[in-house]
Structures are given as structure tokens and as C-alpha cells.
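Chains as they are written, first to last, in our numbering: chain A, -2 to 41; chain B, -16 to 520.
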């Protein structure tokens, strides 16, 4: 599995958590940070 | 006693890093015992270390690629790399971290860096954007998507940090008879066409025979620099044109600007370097540039802007090189630029449709004054009002202002705007009544959930009506947007506490608007109708 696929899978799980009103862990926030950094890099 | 440790997170461009530095430098001067650190992107900040190091005790540079070095195959190893970076920063044991970046990634980074206090955008554990402090709420509501901001970005950063004064930082220099030009910017719409620059260089060198011109630029600017310099009209001056495009690093460019007599350029990183060098400067603001917000932070700057600049269409009245040449000559001769000198020496057509601002410091920070201003447009009047009202509301500062002279457009628009203020005031009033009804219901022993839900629905409807109102009366949008963001960040553990915070926000919004209304009424004066002329006076 590529890093991109891993990110997408993790974000899918996080969205499920958020939809059921659960809080995100620090580890999950790190994944969101990495995902956003990649996205912003792509816009450069 | 341990020193307070403050960190600034600035993940945007070089110009923003320089503006953050100017605010941090003032804070450090006022509080020499604090320890300041900076987190920035490596490719943006690396070339600025020679400037940043006099203010920041620690500078953390990173790039996205640091977390994904070649060969990284799993998300787990990227997270480990990120942990390494976070551990280094967290060793500082920060008292305060301030986010000046407003990007999504910076909001997540804010959550992961440990600090006793945090200012600027961050994330909640439910992934919501959170902004606790009011100046950062102001930035989020009034800067990112607005053209009405009356404050310089450096002053806003200073306000967030709590720096108070406007100190001048003298620079050691040995000026030569050189004019430094930076005829480029990151965005093409912010730049003059090359032939305009050629024309200006011709005029500058012709009227100043003892001077030479140095052109600064990056690798991407080489072709345009050649278009500017290799024009036949400049052939006779070629020995006095020093094209340094792509030849100097940032530190060498800074020294070049520092040791020249005058800088001329657009809104760009080099213009901010010139302000740090306290250099006499002429800034040509074109396209989407917002001069009040981004003008180089120095009182030696004359900023020339097309009056249609900042509009949605970005249609421009071209700025005449003859005008820039005149201002340059006045600056080189150390003569004060005045409305009279401009009107006497520059043809009227060149002065139409543009604004020529000089820069002055007052209690509220750097202020741009339009030298050609006989009367104010409604936008200018509102910008003045907002500067006074927000300075009072957010900083408890009472700024002085002479009553603006109005023209037909501003009289007409302000009169119509008063209706908008009345509607908004009524809506704020209804919102407060609704908040009180919720509070009454929640404190009752037999609270009626259905009634509470109805009242919450009513508040949402009031917010929608407020939005409809400001979409019609657009000059009131900065007030609406600030208090909207303020309410979205209401603090509270339960419905009653959040409603209490909302009630305070609506109340303050109403007071703020009354202040704007008072200023409007004072400026407009009484409406006098003379039946003999059948016209308003």
C-alpha cells in the first residue's frame, strides 16, 4: 500500500469518528498535518 | 526567574516572514528578557537568517520533504520523522506559541506543539478551527477575504504579540549615488509592463546624471530584466545600468538596497527588505495589492496605488512613469512631497484615478495618508472609521481623526448605509432578547427543550438575516464578519455558558455599530433640505 493510500484510508476512518462525535487523537492529528502538507506542496 | 519563551509559527512566504520579524523585533526591544523562536519553511526563511538572527534565539526550519525523505515507504516512518521535529521544538517548553500563517497545515501543527498558551488558528480535537484571541479573529475575518482592512500587517502582528511602540531601528550604511529597482513581484498582475520600467529608467538617469541604477531580481525574472534593459532607448545609458537579476542572494540584495539612496519597486519581498533598511522608497501598488495592509513598514515610503486596485476586476488606471520620476527626484533632493508640489509639477491626467500615500506613524501604527485627497470615497471613510473603532475596541486606544471631507458618492453611500446600520442594530437587539430567553429557559427547573430548540433556530435565522443585510450594505461587512467569527469561537462548557458568550458578543457588536453610526452622523452632519433649491445640501 502506498503512503497516499494509507493516508486516504486513515482519513476515511477519522471522518467516521468525527461523524459519530468522537475526538481525534494526537496521532490522528499528525496524519492530518502530513496530509495537508502534501496537499499544500502540490499547490506550489 | 525563568525567561518567557515565545514561538512564532510563520509558514507562508518570505514577505510575511519579514513582516513577522518586524513585529517580533519590536516585542524583543520592549521585552529584552524574553526568548523568541521561529518556525518557518526552509526555502522561505533560509536566505533571511542574516536578518532573523538578531531577534530570534532559535529558528526551526523544515520542509514537507523532511518527513518524506527518499525511500520512505510507510506512513509510520513519516510520522516518526515528524515526531523527531516535534520533539526538538517541544524541548523549548514554550510559554506561548503564536500562529501567523492561517494555513490548514499550520492549524494542525499548532495542536502538536506543546505550549502553555496558544494564539492564532488551531484545531480542536473534533477537527474544528478554533481562534481564541480577538486580534487573530480580526485577521481571520477581515484580512483573508477583504479589502477594507485599515491596519498594516506588521501592526496587526504587533497587536497579537502585545508589542506597543513604533521604534525606529537605525541601520549602518554608506549610501552611493545609486537607485535600486526591483521591477518584479510574485504575481504578474502586481507588476508594471517592462516598457514602463524602461521609460522610468530613462527618465531617472536623464534627470540625475550622477546616478546609476541597479536592478534586482530572481532567476525567473531574467527574461523580463532583459526586456527592460536592452531596449534601444536605454543604449546611451547602458554603462549606468547594473543588471544584477539572478546574480545576488537575499543578503547581497539587502546590502545593495541599504547602500543606495532610493528604492523603487512593487509590493514584494525586496520592498520589505528596503523597509528594514529604513530606505527612502517608492512602491507602485498594482492589481490585487492592498496598500493599507501590506505597504512596507517604514515612514520613508511613498505608496502609489491605482484607485481601482483591490477591486474585483483589478482593472487599472496605469501609473505614469513621469509621476514616479518626479517623486524620485523630490526624494533624492530631500524635498517633502506635498499635494501642491504634485499638482504644480505633474500633469493633471497623470494624477487622476490614482492615490499617492505618504506613510506616518501614529498611536495606531503605520498610517497611509492620501496626498491627493481633497474628498474621501465611502470606502476610504469607512476604512478611517474602522481604524478608530477597532483600535478602541481591541486595544483601548483613542485615535485622533479630523472629520473626513465627503464627496457626492460618499454622502449618498453613507446615508444609505445608515439604513443598514439600523437593520443590523435591530437584529442584534432581537438576538440579545433570544439569548436571554434561552438563558432563562436553561436556568429554569422545568426547562422546556422544545422552546430552547425554537429559540436556537430563531438565532440561526437572525444570523442569516444579518448576512443578507451585509450583502446589501457591503461596507458593514467587516463589522459583521468580525463578530460572526467571534461568536463562532464562543467559550463555554454547556449551552448556558455558550449562550452567555454569544449574548456578550451581540451586545458588543451593537455597541461597536453604534460607535460607527456616531462617527457617520458626525461626518455627514445634519441633512438640510432647502425648498428653494429642491436639492439636499
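Every residue, glycine too, gets a C-beta built ideally from N, C-alpha and C.
Listed by position along chain A, the residues whose Cβ is nearer than 8 Å to that of residue 50(B) are 31 and 34. For the alpha helix (DSSP H) assignment, the uninterrupted runs of no fewer than 4 residues enclosed by the stretch 359 to 400 of chain B are, from N- to C-terminal side, 361 to 378.
A distance of 7 Å or more separates the beta carbons of residue 246(B) and residue 217(B). Under DSSP, residue 340(B) shares a beta bridge with 286(B) and 353(B). When secondary structure is reduced to three states using DSSP, residue 88(B) falls in the helix class. Annotation: Cβ neighbours of residue 3(A) in chain B (cutoff 8 Å, chain order): 57 and 58.
A contact is defined here as three or more CB-CB pairs under 8 Å, and the stretch 427 to 440 of chain B fails this definition with respect to the stretch 466 to 477 of chain B.
Between the alpha carbons of residue 425(B) and residue 410(B) lies a gap of roughly 22 Å. Counting along the chain, the unbroken alpha helix (DSSP H) around residue 259(B) starts and ends at 252 to 259. Taking 7 Å as the cut-off, the beta carbon of residue 229(B) is found no closer than this to the beta carbon of residue 198(B). For residue 0(A), the nearest CB of chain B lies under 7 Å from its own CB, placing it at the interface with that chain. DSSP, read as helix, strand or coil, puts residue 470(B) in helix. Chain A has no Cβ within less than 7 Å of the Cβ of residue -5(B). The secondary-structure analysis by DSSP pairs residue 105(B) across a beta bridge with 113(B). Three or more beta-carbon pairs separated by less than 8 Å are not found between the stretch 14 to 21 of chain A and the stretch -16 to -5 of chain B, which leaves the two stretches without contact. At least 7 Å separates the CB of residue 6(A) from every CB of chain B. It is roughly 13 Å from the alpha-carbon of residue 79(B) to the alpha-carbon of residue 7(B).
Contact holds between the stretch 447 to 464 of chain B and the stretch 125 to 136 of chain B, because three or more Cβ pairs, one in each stretch, are under 8 Å apart. Counting the other CB atoms within 10 Å of its CB gives residue 488(B) a total of 16 or more, which places it among the buried residues.
Proximity of chain B to residue 27(A) at the Cβ level (cut-off 7 Å) is accounted for by 62, 65 and 95, in chain order. Collapsing the DSSP output to three states places residue 230(B) in coil.
Beta bridge pairing from DSSP links residue 28(A) with no other residue. Under the criterion of beta carbons closer than 8 Å, residue 82(B) and residue 103(B) qualify as touching, at roughly 3 Å. Taking a Cβ-Cβ cut-off of 7 Å, the neighbours of residue 23(A) in chain B comprise 95, given in sequence order. The DSSP assignment places complete beta strand (DSSP E) segments of no fewer than 3 residues inside the stretch 184 to 245 of chain B at 195 to 198 and 224 to 226, in order along the chain. Listed along chain A, the residues sitting closer than 9 Å to residue 47(B) by beta-carbon distance are 31, 34, 35, 37 and 38.
Around the CB of residue 190(B), fewer than 16 other CB atoms lie within 10 Å, so the residue is classed as exposed.
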